[in-house]
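S.K.:
In the numbering used here, the protein residues as written are 1 to 83.
1. Under the three-state reduction of DSSP, which class applies to residue 13: helix, strand or coil?
2. Do residue 26 and residue 41 come within 8 Å of each other at the CB atom, strictly closer than that value?
3. Helix, strand or coil for residue 6, going by three-state DSSP, please let me know.
4. With distances taken Cα to Cα, identify the nearest neighbour of residue 20 among 33, 47 and 11.
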């Protein structure tokens with residue numbers, strides 16, 4: 001799934017869409033424990049819904065259950081907003 005998001009990110013010229021896709025990539029990477037990809041994606045996620053929460057989870061080295069719960073919350077909020 002990350003590969004699809006990355007392809008969409010590279011192909012998009014809309015800043016807001018790119019930020020949201022970067023947030024999805026960062027959330028997926030933090031869930032898998034991929035610190036390098038999380039950091040790289042967060043650089044491009046500024047201003048997207050959920051980006052700050054993903055950044056905090058990453059900085060705090062949150063446990064897997066906390067990450068899962070918070071990402072579910074973010075997904076609910078982001079899914080309710082219009083693109």
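Cβ atoms here follow ideal geometry from the backbone N, Cα and C, with glycine treated the same way.
M.R.: Straight from the coordinates:
1. coil
2. yes
3. helix
4. 47
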